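Before any comments, here is the structure.
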Amino acid sequence: MNSFKSFIVKYKSLVVLIILVVILSIAMPRFLTISNLLNVLTQISINAIIAIGMCIVILSGSGGIDLSVGSVVAITGAIAASLYKSGINLPVCILCALGVGALIGFANGLLTAKQKIQPFIATLCTQIIFRGITYVYTDGKPISGLDDSFTAIGNNRVLGIPIPVIITLIIFLITLYILNETVLGRHIYANGGNEDCTRLSGVSTDRLKILVYIISGLTAATSGIIVTARIGSASPNAGLGYETDAIAAVVLGGTRMSGGEGTMLGTMIGAVILGVIDNGLNLMNVNPFYQSIVKGVIILLAVFLDKKNKE
Amino acid sequence: MEVKPLLEMVKISKSFSGVKVLQDVSLSVYGGEVMALLGENGAGKSTLMKILSGLYKCDSGEIYLDGHKVQIDSVKDAQKLGISFIHQELSVLPNLTVWENIFLGHEVTKGCTKKIDKAFMREKSRELLKSLGCTFDVNAKAGDLTIGEMQMIEIIKAVSANSRIVIMDEPTASLTDYETKKLFEVIAALKSKGMAVIYISHRLDEIFEVCSRVTVLRDGKLIGVTELGKVDKNQLISMMVGRNLEEQYPYIAPSPGKVILSVEKLNYKNKVKNVSFSLREGEIVGMAGLVGAGRSETAKVILGEYKKTSGDIFVNGKKVDIKSSKDAIKNGIVYLSEDRKKEGLISNWPVGENMTLPNLKKYVGNFGRIVKKEEVIDFKEYAKKMSIKTTGYSQIASNLSGGNQQKVIIAKWLMTKPQILIFDEPTRGIDVGAKKEIYEILNELKKNNKAILVISSDMQEILGISDRIVVMHEGEVAGEIDRKNASQEAIMKYAVGISNRG
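Chains as they are written, first to last, in my numbering: chain A, -10 to 300; chain B, 34 to 535.
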């Protein structure tokens, strides 16, 4: 009973999610159908994967945040699509896209760790730069006409489960393991708790910072490939504003913005809440303009509740 | 006619979640008096003062001011009644000027536009500064002042708010001897204005110097109130700890072996200049000097935290290249920081995880997984060896007392099996009983042939535990003194630059 209680305290956002699901199921019978739920999960996966990387960056402290994820989504999608169209085989295209994501992460890491530029500023700049590079690279036009074997990544199912959902689950489990069981995870939490103490304890904090941005670059690139596959084309405008959704998911999940406290499971719940809100509002035919307002207010409420609870 | 006390706190009690931290404690102070409040950490001093300053509410008890009963429910109430609390952590804003700080929160305005009256506030600040004998400029940025000067700003704030009772919590903890002297002059000035000062400090010498009476607390109870002329240090200590301390500084003769660490002509900017010294196994070398003499900087250069401009470091006779703490630990050098909160502990972390942080690789099993069971075994071993009072591996570090936190950090470093240990202010802010335990740990390490450097601003401590003393002055090693020739005077001469080695 006690452990159940502490679980609820730790994952208050889960309560919010359950309440949302109950309300939606009553108001919209269509919500609780398997096809709709799978659809929701597929849509969520894009933000969820980015949020996983974002969560690690924020957890690692030192003001860590990655605002460049949206641009990484766009450029990696464009690279995968253009390479694929030039006849290179799919796994190589994917590896190249992931490689570019990791490289951008590496750049973010260098700027923050070695040049000591505040992560907010550094990643804001790379966000702008790589958005621009994407426009130059694509000449501002979408790269379309991707065939079925590419779009399968976003739309096919294995054992009835959409591939994006499977990918999300795998990444989630890997990062969960890293955070909770390995030295790297311990160091991420340590640096988030107290950077000076961590460095003096013999941890290469610079290397750690670079690593978390590489992870975030990789997760954003993964999302970039999935987005491209789902739509069947790579748009230079893809991923606009994705950083906000990812940060919202992390915050909803109870992660402290200054790092050191938070969980991967919380972030997942946060991402699901956001997806469920989106889907519910869609099913209710709420005007998209209003959707944004409602979403913002709900996030604010959830965070407010969390804060009240902590006090 | 009998003089009434300015402040009387009568039979104050307070519990936190069922634990009694104050039990029927009374305290009275007269105007123009400096009252020392003495007790080990956890004795209830800060709780009592937090009740007086409105941060906490007492469960029972009464507070009288000038014989009238008062109700203090908030910090604002306390301020209105003329009670100021000068905390150990200063609340001066470094980005504002001196006068802006002094008038922060009660700015003087003029006219119907409510424009702030800068000229008036500057002038008033200047007067206040002068009345307390301070010489710094009111237009200076507070961040450019020394810590002692910033503290003066806090005191002036209290005076300008027409305070009648000023509480000072460890005011000299980070002051130089000169600044301490200045502070005492200011305290004397406050006294002559008829104000009452409640002075909390662990430094008994100071208490004898500035205070007239002392109130001693132990375990949340009032042990006694006495005039300082009627007791000596040992009596005070036994009142505080409830037992007689046979010897505050247990000393064992060294059996120094070969040189383990030697530092040659180390330079770092203009903070560390041509510093050379060596440490042998089985000895404790004390490093003395005034605040700002470059002692911590020297340690951090050795550690690779600060990049040396020139000079060499030898471990076991071999030249080493240390670029970071990581390299230092590999070479068997560990550093206990003077700043426990900022550099020593991750305060929201379990005690056990704090201990194993530098040594995590040891516990990695299959698939990169940390084997927590082994961590717990080591934690238990060290917690027992160092008699750390903790409820277990998962207790959050910030819930431990200062002394126990310090022991956790020492345990953390011992787990890395170091041969050279640099302790920077190892007993700062911890109580008398815990201090002695730390000294015993140091002696134990000495017996085990470790090389130990203790940086300390506490002269008694340096004299009490060191086999040799290196004194620094303005970034240089001003002199080295053997235990048998060591005295407070000898150290001071080097520390202020009167004597020099050459």
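The beta-carbon is built from N, C-alpha and C at its ideal position, and this holds for glycine as well.
None of these values were measured; they are calculated from a predicted model.
Per DSSP, the unbroken beta strand (DSSP E) holding B:ILE366 starts and ends at 366 to 369. Closer than 9 Å to the CB of B:PHE400 there is at least one CB belonging to chain A.
In terms of Cβ geometry, B:GLY435 and B:ARG373 form a close pair [threshold 9 Å].
In this structure, the beta-carbon distance from A:VAL192 to B:ILE403 does not fall below 9 Å.
Of the other Cβ atoms in all chains shown, fewer than 16 fall within 10 Å of the Cβ of B:ALA152; this residue is therefore exposed. Here B:HIS101 is exposed: its Cβ has fewer than 16 other Cβ atoms, across all protein chains shown, within 10 Å. If the five residues before and after B:LEU88 are omitted, its C-beta is found closer than 7 Å to the C-beta atoms of VAL108, all from its own chain and listed in chain order. A Cβ-Cβ distance of about 6 Å is found for the pair B:VAL367 and B:LEU454, placing them in contact under the 8 Å criterion. By the C-beta density criterion, A:MET273 is exposed, having fewer than 16 other C-beta atoms within 10 angstroms. Those residues of the region 187 to 219 of chain A placed with their C-beta closer than 8 Å to a C-beta in chain B are THR187, ARG188, LEU189, SER190, GLY191, VAL192, SER193, ordered along the chain. A:ILE236 and A:LYS105 have their C-alpha atoms roughly 22 Å apart. Ranked by Cα distance from A:GLY243, the options A:ILE33, A:THR31, A:ALA141, A:ILE288 are led by A:ILE288. For B:MET419, no alpha helix (DSSP H) segment is defined, and its DSSP state is neither H nor E. Interface with chain B (9 Å Cβ-Cβ cutoff): A:GLY182 is included. Just measuring C-alpha positions, the residue of B:VAL249, B:ILE355, B:SER271, B:VAL292 sitting nearest B:SER79 is B:VAL249. Rounded to whole angstroms, the gap between the alpha carbons of A:MET253 and A:CYS44 is 7 Å. Between B:GLY344 and B:LYS298, the CB-CB gap stays under 9 Å.
Rounded to whole angstroms, the gap between the alpha carbons of A:ILE110 and A:GLY52 is 11 Å.
Below the 9 Å Cβ cutoff, chain A contributes LEU189, SER190, GLY191, VAL192 as neighbours of B:PRO391, in chain order. For B:ARG501, the secondary structure class from DSSP, reduced to helix, strand or coil, is strand. Residue environment analysis places A:VAL201 among the buried positions, since at least 16 neighbouring C-beta atoms fall within 10 angstroms of its C-beta.
At the C-beta level, A:ASP137 and A:GLY94 stay beyond 9 Å of one another.
DSSP places A:ASP267 in the uninterrupted alpha helix (DSSP H) bounded by 253 to 272. Chain-order list of chain B residues neighbouring A:ALA102: empty, with the shortest C-beta distance near 13 Å, by a criterion of under 8 Å. Judged by DSSP secondary structure, B:ILE180 falls within the alpha helix (DSSP H) whose first and last residues are 180 to 193.
Residue range 131 to 135 is occupied by the alpha helix (DSSP H) that includes B:VAL131.
Rounded to the nearest angstrom, the gap between the Cα atoms of A:GLY50 and A:LEU100 is 15 Å. Rounded to whole angstroms, B:GLN452 and B:GLN268 show a C-alpha spacing of 39 Å.
Only residues of its own chain outside the window of five on either side were considered, and among them LEU123, VAL125, ALA175 have a CB closer than 7 Å to the CB of B:MET183, listed in chain order. At least 9 Å separates the CB of A:THR244 from every CB of chain B. A:GLN32 counts as buried, since no fewer than 16 other beta carbons sit within 10 angstroms of its beta carbon. Residues of the same chain with a CB within less than 7 Å of the CB of A:VAL261, apart from the 5 flanking positions on each side, are LEU6, ILE33 in chain order. In the three-state reduction of the DSSP assignment, A:MET17 falls in the coil class, being assigned neither a helical nor a strand state.
Under the Cβ distance rule, A:THR252 does not count among the residues neighbouring chain B, no pair being separated by less than 9 Å.
Secondary structure within the region 337 to 388 of chain B: the alpha helix (DSSP H) runs of 4 or more consecutive residues, fully enclosed, are 358 to 363 (chain order). In this structure A:GLY182 does not touch A:GLY251 by the C-beta definition: roughly 11 Å separates them, more than the 8 Å allowed.
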